[in-house]
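Enquirer: Below is a structure I'd like to ask you about.
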Amino acid sequence: MKQIILTGDRPTGRLHVGHYVGSLKERVKLQNSGKFDEIYIMIADAQALTDNAEHPEKVRQNITQVALDYLACGLDPEKSTIFIQSMVPQLTELTFYYMNLVTVSRVQRNPTVKAEIQQRNFEASIPVGFFCYPISQAADITAFHATAVPVGEDQLPMLEQCKEIVHKFNSVYGETLTEPEIILPSNQACLRLPGIDGKAKMSKSLGNCIYLSDEPEEIKKKIMSMFTDPNHLRVEDPGKVEGNPVFIYLDAFCKPEYFEEFWKDYSCLDEVKAHYQRGGLGDVKVKKFLNNVMQEELRPIRERRKQWEQRLPEVYEILQQGSATARATAEKTLEGVRHAMRIDYF
Ligand code: ATP
Ligand code: MG
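Under the working numbering, read the sequence shown as residues 374 to 719, first letter to last.
The structure is reproduced here in structure tokens:
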């Protein structure tokens, strides 16, 4: 069986370090592993419009921003097909057919949908399109017969829902669709990176992000203002490491060689944590180290991004060609789907 990846992001803003550790880094690794026959990376503009219907220009502008972030992180158009969702109308058609296989109450039970409805204050006025986005996501995945979907932990319920749709479709219309597997980051700290404000998830919509394109000064300012353990008031106080964003970021980004380079007092993160927990280590020192680590990690990405910013016509060409390739693949799947559903008339 062919090994195929489908994943993507909503163009609702520039990408942040949560995207990087939660999904992007993994994608680049998988892309370069040579283990996959086809890789599709989707900029989900149609999905972004489900909760941004009144801001089409924002979505349009951010397609370029997300594409730049992809290329900056090392996604390679020679190996990965990068495309724009709305340029593959087969995905919309497939969504419409899948809607018949899912109940309203099933979508209502989806924990990510629940959380996002709350986050957006949609309780009384949920757009139907937004409510249905898990179904459209199932269409995106299955249109490419994806076997692997590298995403953050918040996407687990989406993958579950997708698998149910695959089973239902195959049992009603005959074996047609491929069941996907989610690929989560192996590092626990990367599953759901918290915001700099300590909120559970760094998210474009919450404005609590360190962006991949942030300049060194902005990164430093954000890190120095980061939420830590609220009870760690004086340096001598024992501090909490669990749930402390500064330590979660260190778990996600720190490499052993950074101690040699930036903090010779310690030889590994466990030593820093132990000192912080017993008291005597101040937040400012830890934040300064984190700043050094993040600056090191983000510099090459930012520099590559700046180079691509000078080559926008090439970026658009990549998107256009990628969308044409994706459209051809999706059309082939749709031919199979229409045939299975007995709607292939002439
Ligand atoms: P929005 O607020 O518009 O939904 P977002 O910041 O949640 O934006 P998405 O485009 O919805 O970003 O998510 C893209 C991918 O990044 C998904 O795979 C998601 O799981 C992952 N991701 C997003 N935020 C985080 C995070 N804080 N930690 C780990 N992974 C994340
Ligand atoms: Mg999201």
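Yeah, the Cβ is synthetic: ideal placement off N, Cα and C, and Gly gets one too. These numbers were taken from a predicted model, which means no experiment stands behind them.
1) In the DSSP output, which residue or residues are listed as bridge partners for E411?
2) Nearest to Q481 by CA position, among F495, P567, F469 and K679, is which residue?
3) Pick out whichever of I412, R383, Y393 and M460 has its Cα sitting closest to the Cα of Y506.
4) Thinking C-alpha only, which one of H389, G386, I378 and K398 is nearest S559?
5) Going along the chain, which residues of its own chain have a beta-carbon closer than 6 Å to the beta-carbon of H518, five neighbours each way excluded?
6) Taking one C-beta from the stretch 442-455 and one from the stretch 673-682 each time, how about it: are there three or more such pairs within less than 8 Å?
7) Is the beta carbon of V619 sitting closer than 7 Å to the one on V659?
8) Mind listing which residues have their beta carbon within less than 6 Å of any non-hydrogen atom of the ligand ATP? Chain order is fine.
9) Pairing CB atoms from the stretch 587-607 with CB atoms from the stretch 659-668, are three or more of them under 8 Å?
10) Are K625 and A562 touching if we call contact CB-CB under 7 Å?
11) Specify the secondary structure class of V614 as computed by DSSP and reduced to three states.
12) Would you kindly work out how many angstroms separate the C-alpha atoms of V394 and I716, rounded to a whole number?
13) Evaluate N405 with the Cβ neighbour count: other Cβ atoms within 10 Å of its Cβ, from every protein chain shown; 16 or more gives buried, anything less gives exposed.
14) For S640, count neighbouring Cβ atoms within 10 angstroms of its own Cβ and tell me buried if that reaches 16, exposed if not.
15) Using a Cβ-Cβ cut-off of 7 Å (strictly less than) and excluding sequence neighbours within five positions of V401, which residues of its own chain qualify?
16) Going along the chain, which residues of its own chain have a beta-carbon closer than 7 Å to the beta-carbon of G709, five neighbours each way excluded?
17) Could you check what DSSP says for V401 in three-state terms: helix, strand or coil?
18) Looking at C-alpha atoms only, which residue of R493, Q420, Y631 and E533 is the closest neighbour of P462?
19) Is I555 helix, strand or coil when you go by DSSP?
20) Quick check on P589: buried or exposed, where buried means 16 or more other Cβ atoms within 10 Å of its Cβ?
21) Under the three-state reduction of DSSP, which class applies to Y584: helix, strand or coil?
22) Terminal residues of the continuous beta strand (DSSP E) containing A417?
23) In whole angstroms, what separates the C-alpha of I508 from that of F409?
24) So the candidates are V614, E687 and M667; which of them puts its Cα closest to the Cα of R651?
25) I need the DSSP call for P686, collapsed to helix, strand or coil.
26) Going by C-alpha to C-alpha distance, which of T380, A426, L606 and L467 sits closest to V657?
Expert: Put simply:
1) I377, per the DSSP bridge assignment.
2) Of the candidates F495, P567, F469 and K679, the one whose C-alpha sits nearest the C-alpha of Q481 is F495.
3) Of I412, R383, Y393 and M460, the smallest CA-CA separation from Y506 is found for R383.
4) For the residues H389, G386, I378 and K398, the minimum Cα distance to S559 belongs to K398.
5) For H518, where only same-chain residues beyond five positions count, the Cβ hits under 6 Å are I377 and T551.
6) Inter-segment contact for the stretch 442-455 and the stretch 673-682 is present: three or more beta-carbon pairs are separated by less than 8 Å.
7) Yes, the Cβ-Cβ distance between V619 and V659 is below 7 Å.
8) The filter returns D382, R383, T385, G391, H392, G395, S396, V524, G525, D527, Q528, R565, L566, K574, M575, S576, K577 and S578, in chain order.
9) Here the stretch 587-607 makes contact with the stretch 659-668; the two share three or more CB pairs at distances below 8 Å.
10) It should be pointed out that residue 625 corresponds to Ala in this sequence rather than to Lys. Cβ distance < 7 Å, so A625 and A562 count as in contact.
11) In this structure, DSSP gives V614 a state outside helix and strand, which the three-state scheme calls coil.
12) Near 43 Å, if we compare the C-alpha coordinates of I716 and V394.
13) Residue burial is scored here from C-beta neighbours: N405 has fewer than 16 other C-beta atoms within 10 angstroms and is therefore classed as exposed.
14) Of the residues assessed, S640 falls on the exposed side of the cut-off, its CB having fewer than 16 other CB atoms within 10 angstroms.
15) The beta carbon of V401 lies closer than 7 Å to those of C446, G447 and L448 in the same chain, with the five residues before and after it left out.
16) Here the set comprises T549.
17) In this structure, DSSP gives V401 a helical state, which the three-state scheme calls helix.
18) The candidate whose alpha carbon is nearest that of P462 is Q420.
19) Correct three-state label for I555: strand.
20) Taking all protein chains shown into account, P589 has fewer than 16 neighbouring C-beta atoms within 10 Å of its C-beta and is therefore exposed.
21) If DSSP states are grouped into helix, strand and coil, Y584 belongs with the strands.
22) For A417, no beta strand (DSSP E) encloses it, and the DSSP letter there is neither H nor E.
23) Spanning the two alpha carbons is a distance of roughly 25 Å.
24) Per the C-alpha coordinates, the member of V614, E687 and M667 positioned closest to R651 is V614.
25) Here P686 carries a helix assignment [DSSP, helix/strand/coil].
26) Of the listed residues, the one whose Cα sits closest to V657 is L606.
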